[in-house]
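Colleague:
There are 2 protein chains.
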Amino acid sequence: MNNTWWVPGGPIFFYTGNEGVIEAFAENSGFMWDIAPEFNALLIFAEHRYYGESLPFNGNYSKDPHKLGYLSSEEALADFAELISFLKATIPGADKSPVIAFGGSYGGMLAAWFRMKYPNICAGAIAASAPVAQFTSPCDAFGRIVTSDFTAAAPNGTCSQTIRSSWAALDRVADKANNTGLDWLNSKWKLCTPLTSKSNMTGLKDYLSNLWTNLAMMDYPYPTTFLAPLPGNPVNAACSKMLGNYSTDEELLSHIYSGVSVYSNYTGQSTCLNIAEEDNIGADMWYYQACSEMVMPFCYDGVNDMFESKGWDLEQFSKDCKETWGVEPRPNMANLIYGGRDVSSASNIIFSNGLLDPWSSGSILKSYGSIVSIKIPEGAHHLDLRGSNPLDPVSVVSARKMERKYIRKWIKQSNAVEKSRRYNFNKS
Amino acid sequence: MNNTWWVPGGPIFFYTGNEGVIEAFAENSGFMWDIAPEFNALLIFAEHRYYGESLPFNGNYSKDPHKLGYLSSEEALADFAELISFLKATIPGADKSPVIAFGGSYGGMLAAWFRMKYPNICAGAIAASAPVAQFTSPCDAFGRIVTSDFTAAAPNGTCSQTIRSSWAALDRVADKANNTGLDWLNSKWKLCTPLTSKSNMTGLKDYLSNLWTNLAMMDYPYPTTFLAPLPGNPVNAACSKMLGNYSTDEELLSHIYSGVSVYSNYTGQSTCLNIAEEDNIGADMWYYQACSEMVMPFCYDGVNDMFESKGWDLEQFSKDCKETWGVEPRPNMANLIYGGRDVSSASNIIFSNGLLDPWSSGSILKSYGSIVSIKIPEGAHHLDLRGSNPLDPVSVVSARKMERKYIRKWIKQSNAVEKSRRYNFNKS
Numbered sequence: 084m085n086n087t088w089w090v091p092g093g094p095i096f097f098y099t100g101n102e103g104v105i106e107a108f109a110e111n112s113g114f115m116w117d118i119a120p121e122f123n124a125l126l127i128f129a130e131h132r133y134y135g136e137s138l139p140f141n142g143n144y145s146k147d148p149h150k151l152g153y154l155s156s157e158e159a160l161a162d163f164a165e166l167i168s169f170l171k172a173t174i175p176g177a178d179k180s181p182v183i184a185f186g187g188s189y190g191g192m193l194a195a196w197f198r199m200k201y202p203n204i205c206a207g208a209i210a211a212s213a214p215v216a217q218f219t220s221p222c223d224a225f226g227r228i229v230t231s232d233f234t235a236a237a238p239n240g241t242c243s244q245t246i247r248s249s250w251a252a253l254d255r256v257a258d259k260a261n262n263t264g265l266d267w268l269n270s271k272w273k274l275c276t277p278l279t280s281k282s283n284m285t286g287l288k289d290y291l292s293n294l295w296t297n298l299a300m301m302d303y304p305y306p307t308t309f310l311a312p313l314p315g316n317p318v319n320a321a322c323s324k325m326l327g328n329y330s331t332d333e334e335l336l337s338h339i340y341s342g343v344s345v346y347s348n349y350t351g352q353s354t355c356l357n358i359a360e361e362d363n364i365g366a367d368m369w370y371y372q373a374c375s376e377m378v379m380p381f382c383y384d385g386v387n388d389m390f391e392s393k394g395w396d397l398e399q400f401s402k403d404c405k406e407t408w409g410v411e412p413r414p415n416m417a418n419l420i421y422g423g424r425d426v427s428s429a430s431n432i433i434f435s436n437g438l439l440d441p442w443s444s445g446s447i448l449k450s451y452g453s454i455v456s457i458k459i460p461e462g463a464h465h466l467d468l469r470g471s472n473p474l475d476p477v478s479v480v481s482a483r484k485m486e487r488k489y490i491r492k493w494i495k496q497s498n499a500v501e502k503s504r505r506y507n508f509n510k511s
Numbered sequence: 084m085n086n087t088w089w090v091p092g093g094p095i096f097f098y099t100g101n102e103g104v105i106e107a108f109a110e111n112s113g114f115m116w117d118i119a120p121e122f123n124a125l126l127i128f129a130e131h132r133y134y135g136e137s138l139p140f141n142g143n144y145s146k147d148p149h150k151l152g153y154l155s156s157e158e159a160l161a162d163f164a165e166l167i168s169f170l171k172a173t174i175p176g177a178d179k180s181p182v183i184a185f186g187g188s189y190g191g192m193l194a195a196w197f198r199m200k201y202p203n204i205c206a207g208a209i210a211a212s213a214p215v216a217q218f219t220s221p222c223d224a225f226g227r228i229v230t231s232d233f234t235a236a237a238p239n240g241t242c243s244q245t246i247r248s249s250w251a252a253l254d255r256v257a258d259k260a261n262n263t264g265l266d267w268l269n270s271k272w273k274l275c276t277p278l279t280s281k282s283n284m285t286g287l288k289d290y291l292s293n294l295w296t297n298l299a300m301m302d303y304p305y306p307t308t309f310l311a312p313l314p315g316n317p318v319n320a321a322c323s324k325m326l327g328n329y330s331t332d333e334e335l336l337s338h339i340y341s342g343v344s345v346y347s348n349y350t351g352q353s354t355c356l357n358i359a360e361e362d363n364i365g366a367d368m369w370y371y372q373a374c375s376e377m378v379m380p381f382c383y384d385g386v387n388d389m390f391e392s393k394g395w396d397l398e399q400f401s402k403d404c405k406e407t408w409g410v411e412p413r414p415n416m417a418n419l420i421y422g423g424r425d426v427s428s429a430s431n432i433i434f435s436n437g438l439l440d441p442w443s444s445g446s447i448l449k450s451y452g453s454i455v456s457i458k459i460p461e462g463a464h465h466l467d468l469r470g471s472n473p474l475d476p477v478s479v480v481s482a483r484k485m486e487r488k489y490i491r492k493w494i495k496q497s498n499a500v501e502k503s504r505r506y507n508f509n510k511s
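One line per chain: the protein sequences are A and B, in this order.
For any residue, its number in my numbering is found by taking its place in the first sequence, counting from 1, and adding 83.
For any residue, its number in my numbering is found by taking its place in the second sequence, counting from 1, and adding 83.
(1) Please check if any C-beta of chain C sits within less than 8 Å of the C-beta of residue 203 of chain B.
(2) Note down the Cα distance separating residue 298 of chain A from residue 292 of chain A, rounded to an integer number of angstroms.
(3) Quick one: what does DSSP say residue 420 of chain B is sitting in, helix, strand or coil?
(4) Quick check on residue 346 of chain A: does DSSP put it in helix, strand or coil?
(5) Starting from the beta carbon of residue 117 of chain B, find every residue of chain A whose beta carbon is closer than 8 Å, and list them in chain order.
(6) Quick one: using the 10 Å Cβ neighbour count with 16 as the cut-off for buried, is residue 238 of chain B buried or exposed?
(7) Beta-carbon within less than 6 Å of residue 187 of chain A's beta-carbon, same chain only, minus the 5 sequence neighbours each way: which residues are those?
(8) So the candidates are A/483, A/322 and A/414; which of them puts its Cα closest to the Cα of residue 234 of chain A?
(9) Could you spell out where the alpha helix (DSSP H) holding residue 443 of chain B opens and where it closes?
(10) Return helix, strand or coil for residue 493 of chain A, following the three-state DSSP convention.
(11) Between the Cα of residue 241 of chain B and the Cα atoms of B/374, B/336, B/351 and B/325, which residue gives the shortest distance?
(12) Quick check: residue 485 of chain A and residue 102 of chain A, are their CB atoms within less than 8 Å of each other?
(13) With three or more C-beta pairs closer than 8 Å as the rule, is the stretch 383-394 of chain A touching the stretch 151-168 of chain A?
(14) Within 8 Å (strictly less), CB to CB, does residue 164 of chain B reach chain A?
(15) Short of 8 Å in beta carbon distance, which residues of its chain neighbour residue 459 of chain A, apart from the five on each side in sequence? Order them along the chain.
(16) Under 8 Å, with one C-beta from each stretch per pair, do the stretch 339-349 of chain A and the stretch 368-382 of chain A reach the 3-pair mark?
(17) Rounded to whole angstroms, how far is the Cβ of residue 441 of chain B from the Cβ of residue 228 of chain B, which I believe are closer than 8 Å?
(18) Can you list the residues of chain A that residue 500 of chain B reaches, using a CB-CB cut of under 8 Å?
(19) Which term fits residue 217 of chain B, buried or exposed, when burial requires 16 or more other beta carbons within 10 angstroms of its beta carbon?
(20) Within the 8 Å Cβ cut-off, does residue 348 of chain B reach chain A?
(21) Measure the C-alpha to C-alpha separation of residue 511 of chain B and residue 448 of chain A and round it to an integer number of angstroms.
(22) Please list the partners that residue 415 of chain B has in chain A, where partner means a Cβ-to-Cβ separation under 8 Å.
(23) Counting only beta-carbon separations shorter than 8 Å, does residue 509 of chain B have a partner in chain A?
(24) Please report the straight-line C-alpha distance between residue 123 of chain B and residue 149 of chain B, rounded to a whole angstrom.
(25) Could you tell me which chain A residues have their CB closer than 7 Å to the CB of residue 430 of chain B, listed as they occur along the chain?
(26) Is residue 146 of chain B helix, strand or coil by DSSP?
(27) Note down, in chain order, each residue of its chain lying with its Cβ closer than 6 Å to the Cβ of residue 91 of chain A, except the 5 sequence neighbours on either side.
(28) Do residue 313 of chain B and residue 290 of chain B count as a contact pair if the criterion is CB distance below 8 Å?
(29) Take the Cβ of residue 518 of chain A as the centre, count every other Cβ of all protein chains shown within 10 Å, and call the residue buried at 16 or more, exposed below.
(30) Just to confirm the assignment: which complete alpha helix (DSSP H) runs, minimum length 4, are found wholly within the stretch 258-298 of chain A?
(31) Just to confirm, are residue 364 of chain A and residue 182 of chain A a CB contact at a threshold of 8 Å?
(32) Flag this pair as yes or no: are the beta carbons of residue 24 of chain B and residue 198 of chain B separated by less than 8 Å?
(33) Determine, for residue 495 of chain B, whether the minimum Cβ-Cβ distance to residues of chain A falls below 8 Å.
(34) Applying the criterion that 16 or more other CB atoms from any shown protein chain within 10 Å of the CB defines a buried residue, is residue 488 of chain A buried or exposed?
(35) Check whether chain B comes within 8 Å of residue 393 of chain A, counting only Cβ atoms and requiring the distance to be less than that.
(36) Going residue by residue through the stretch 198-239 of chain A, where are the continuous beta strand (DSSP E) segments of at least 3 residues, counting only ones entirely within it?
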């Protein structure tokens, strides 16, 4: 909570916390801080249950569905409703304050859904890079967007082509007799945990796929420290390290390693490459959510995208979830509860999307009534939620301007409804 | 399910079952059956979990919160969503069918909330006599409406005055020495379980309060058999039995007994008056719901209403709930989740209310945008949901006409959205 700019009666700007420690989102949502003075707003960042310090059962779930079962988006939304009700009852001057929800990514989904399911509590929502339709989006769109970011970052698409070629190169190196290839890789890539057989390659490839994806998501025009410390325009930075020609697999993989280091070791402080390293935000429990109600299909073909070809295999996915968490995924649940792309009956939500961001494929890219879609061509993952920066592209500056305009409108609407309610109450 | 009039592609008329066996609602919702042919509609009546035959844990809850905790309106709504998803996936020609929700009383609340929370699944709702704001409605309004029905049913308000006088008369009779008063009452009123001390009087008074209330709710213009077998205009029928003058408490209570018999023994088949008798619909588990999330405050003053004076005592209520069910009531929960009277962000719901019905005090009596409030001055509890009858007042005939008009509109809207979705899908 921050009440530096709060004036009693002013609005509450409420961040619907996503999968991670709430500080990570508070520190990377400068937009809310930037505009709080102009709106006399109270800032609240609400941590999502099962993340950060908000751990039921003392954080010990033992993969027990009877304990994990309370981790769901619906319960999180109900937490937010309860919290707001508590704040309004206890903070002097907040009882009639309009609440505007803000969130990015899964937090943006929660912001949108909070407005949809609790319009009595939330006057409007800024849902930045919120892939509410990722559950039914074509599974291949995501990888294609990541790829196009890398394609654009070097002449003739050489950067994405280099990455595309790396998967087979890794296999060939791993196949070399007497582990000579793996030994070379362990040493050249400074792997913290050396690979000892070709079967270890899956973990490395998963790590790489996530890394390229994260680079695309975090492709901000200035240095940031969200999922990892990164330079500005990190996709360009990584691609510029992978430019040179190569004639052997080892040369190719040396380029790749240079690109990887932009993400894995931008600070220069890592002594080895840890492919088991978590992101900065503490999102471990997300894998349970993805295994229960937030089932998002992804697939890659290696032709239209730069990833290793991999279909979406719900059966295998379910088997893995059962094994890891003891739960059966419910792939249709999120759409059933929230409606996916069908937001035609909702109101007062801005869905903003940076078009560099692969998650834009699962978001709302069309406006309907008071559902407003804002596209930010030069934007990565919820760039608009970040604080203002001299390096911001014009598109995000005008997106934020539009968002402020709508926030002002929603607050006015909400105050009018509140006023008419008081009037009617006094009459009766 | 009834598919007599179903034409594939036509709408699904979905009754959101309330607290009772679903047959009771199917048999008392003739409106849906009457209009199904005109709309080529499929009729579905969905039973609410924990009622009728829809009993988890084999119907054995042992007042155990770990078993009872799954009984809630939210879970019921999710059941409906799942059921519809299943029906659409399995009934040929139903996959794109617009769903219109219907319900009366708590079922009407569920119909309205279903549209509010699942607009992706439900195109519109007929919420008949749905007291969605009963949780914060002034607690005394309910009793005053019951009273005004009885006041209007006899000249000079003598009927409600007789009832108002009966509470003290019962006390005086119970106070008579050597139980002579109670003996007289046991014999005159043919009580199945004779009263043996004045403390038994509370149960008898509760029975009577409910009975007068039920008579007002069921004040239909023709004979019905919903909560109990009743003549047409049962409030008038009861009052006409209580018309005569009286000069003693015994005379007064004899009149009262004649009025009571209109409800308790309209068929003439009861040999004694059973004050422990349940309603016809099997609503026992409602008391758990009222003790957890559906906390409805009622109070009476005995001056502006005809009931014995009794304030709303949340503390005592909570104590009783704790004792009976092991749960602590959450009096603000329903409003928090559903918004109470604030339906300003919802759409496509008709709230219809008979003004003879005490529950109208907790419903929506004002229209907002596509939230339409219909008042039926001569109507009792969800009269409009009943089948057409030659004795119907004009007001209910025109209410049903309006409802049909809106249902047609919502179906058209829903088909248009579905069509544009298909079009966009084919384009992309």
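From the three backbone atoms N, C-alpha and C, an ideal C-beta is built for every residue, glycine too.
Modeller: In brief:
(1) Looking for chain C here will not work: the only protein chains present are A and B.
(2) In the first sequence, the residue the question calls residue 298 of chain A occupies position 215. In the first sequence, the residue the question calls residue 292 of chain A occupies position 209. Approximately 10 Å, taken between the alpha carbons.
(3) Here residue 420 of chain B corresponds to residue number 337 of the second sequence, with the count starting at 1. Residue 420 of chain B falls in the helix class under three-state DSSP.
(4) For this step, residue 346 of chain A is matched to residue 263 along the first sequence. Three-state result, residue 346 of chain A: helix.
(5) Counting from one through the second sequence, the residue named residue 117 of chain B turns up at place 34. Within 8 Å Cβ-Cβ: nothing; residue 117 of chain B doesn't reach chain A, min ~28 Å.
(6) By 1-based counting over the second sequence, the position of residue 238 of chain B is 155. Flag for residue 238 of chain B reads exposed.
(7) Mapped onto the first sequence, residue 187 of chain A falls at position 104. Within the same chain, residue 187 of chain A has close Cβ partners 211, 212, 465 and 468.
(8) Position 151 of the first sequence holds residue 234 of chain A. It is A/322.
(9) By 1-based counting over the second sequence, the position of residue 443 of chain B is 360. That residue, residue 443 of chain B, is in no alpha helix (DSSP H); it is neither H nor E in DSSP.
(10) As a working mapping, residue 493 of chain A is identified with position 410 in the first sequence. Three-state result, residue 493 of chain A: helix.
(11) The sequence position of residue 241 of chain B within the second sequence is 158, counting from 1. Looking at the Cα atoms, B/325 is the closest of the given residues.
(12) Here residue 485 of chain A corresponds to residue number 402 of the first sequence, with the count starting at 1. Here residue 102 of chain A corresponds to residue number 19 of the first sequence, with the count starting at 1. No, the pair does not count as a contact, with Cβ atoms beyond the cut-off.
(13) no
(14) Within the second sequence, residue 164 of chain B is the residue found at index 81, counting from 1. So, interface residue.
(15) The residue labelled residue 459 of chain A in the question sits at position 376 within the first sequence. Once the five neighbours on either side are set aside, the close Cβ partners of residue 459 of chain A are 435, 436, 437, 438, 466, 467, 476, 478, 479 and 482.
(16) no
(17) In the second sequence, counting from the first residue as 1, residue 441 of chain B sits at position 358. In the second sequence, counting from the first residue as 1, residue 228 of chain B sits at position 145. Right, the Cβ-Cβ distance comes to about 4 Å (below 8 Å), so this counts as a contact.
(18) One-based indexing of the second sequence puts residue 500 of chain B at position 417. Within chain A, the residues near residue 500 of chain B are 425 and 427.
(19) As a working mapping, residue 217 of chain B is identified with position 134 in the second sequence. Buried: at least 16 other Cβ atoms inside 10 Å.
(20) Numbered from its first residue, the second sequence carries residue 348 of chain B at position 265. Taking Cβ atoms only, chain A never reaches closer than 8 Å to residue 348 of chain B, which makes this a no.
(21) Taking the first residue of the second sequence as 1, we reach residue 511 of chain B at position 428. Taking the first residue of the first sequence as 1, we reach residue 448 of chain A at position 365. Caution is warranted here: a pLDDT of 41 is assigned to residue 511 of chain B, below 50, making its placement in the model unreliable, and the coordinate value is therefore given only provisionally. Roughly 12 Å between the two C-alpha positions.
(22) Here residue 415 of chain B refers to the residue found at position 332 when the second sequence is read from its first residue. Under the 8 Å cutoff, chain A gives 168.
(23) Here residue 509 of chain B refers to the residue found at position 426 of the second sequence. With a pLDDT of only 49 at residue 509 of chain B, under 50, the local geometry of the prediction cannot be trusted, and no value is derived from it.
(24) In the second sequence, residue 123 of chain B corresponds to position 40, counting from 1. In the second sequence, residue 149 of chain B corresponds to position 66, counting from 1. Their Cα atoms are separated by approximately 43 Å.
(25) Here residue 430 of chain B refers to the residue found at position 347 of the second sequence. The answer, in chain order, is 428.
(26) By 1-based counting over the second sequence, the position of residue 146 of chain B is 63. If DSSP states are grouped into helix, strand and coil, residue 146 of chain B belongs with coil.
(27) On the first sequence, residue 91 of chain A is found 8 positions in, with the first residue counted as 1. Excluding sequence neighbours, residue 91 of chain A sits near 176.
(28) Here residue 290 of chain B refers to the residue found at position 207 when the second sequence is read from its first residue. Here residue 313 of chain B refers to the residue found at position 230 when the second sequence is read from its first residue. No, they are not a contact pair.
(29) Residue 518 of chain A lies beyond the stretch modelled for chain A, which goes from 84 to 511, so this question has no answer here.
(30) 263-271
(31) Translated into the one-based positions of the first sequence, residue 364 of chain A becomes position 281. Translated into the one-based positions of the first sequence, residue 182 of chain A becomes position 99. Contact: no.
(32) This structure does not reach residue 24 of chain B, given that chain B is present from 84 up to 511, and the question cannot be answered.
(33) To locate residue 495 of chain B, count along the second sequence from 1; it is residue 412. With 8 Å as the cut-off, residue 495 of chain B does not count as an interface residue toward chain A.
(34) Position 405 of the first sequence, counted from the first residue, corresponds to residue 488 of chain A. Per the 10 Å Cβ criterion, exposed.
(35) Locating residue 393 of chain A in the first sequence gives position 310, where the first residue counts as 1. Not an interface residue.
(36) 207-211
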